[in-house]
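Engineer: Here it is, the structure in full.
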Amino acid sequence: MDITDALQPIAEAHTATVAQIALAWVMDQPGVTAPIIGPRTIEQLEDNLGAINLKLSNEELNLIDELAQPGTNVTDYYEASFKPNEHRF
């Protein structure tokens, strides 16, 4: 199961989007003072801003921590690879 699929029920319970749930989780992490967002459109910015007043329960936060354990990543896309490969000169 993809993590976004697992976050969908939480989003529905809050009448929110999965992106808003993810941002609310990030904002609740210790040491995070301001998450960096990168909207490409006004619609994406407005969606991101919808996370500001979203409060997740401890149960929801713990579930997300289980799905995406702190200190790990959820996709190989974020694995740094500095070795030569066919797409890099």
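According to our numbering, numbering within the sequence shown proceeds without interruption in unit steps and concludes at 89. Backbone N, C-alpha and C fix where the C-beta goes; we use that ideal spot for every residue, glycine too. Fair warning: this is a prediction, and the values are worked out from it, not measured in the lab.
1) Could you check how far apart the C-beta atoms of alanine 22 and leucine 45 are, in whole angstroms? I think they sit under 8 angstroms.
2) Does the beta-carbon distance from alanine 24 to alanine 51 come in below 8 angstroms?
3) So what does DSSP say about aspartate 2, is it helix, strand or coil?
4) If you follow the alpha helix (DSSP H) that aspartate 65 is part of, which residue opens it and which one closes it?
5) Mind listing, in chain order, the continuous alpha helix (DSSP H) runs of no fewer than 4 residues lying wholly within the region 8-50?
Structural biologist: Let me lay it out:
1) That belief does not hold up - the Cβ atoms of alanine 22 and leucine 45 are roughly 15 angstroms apart, past 8 angstroms.
2) yes
3) coil
4) 58-67
5) 18-27 and 42-49
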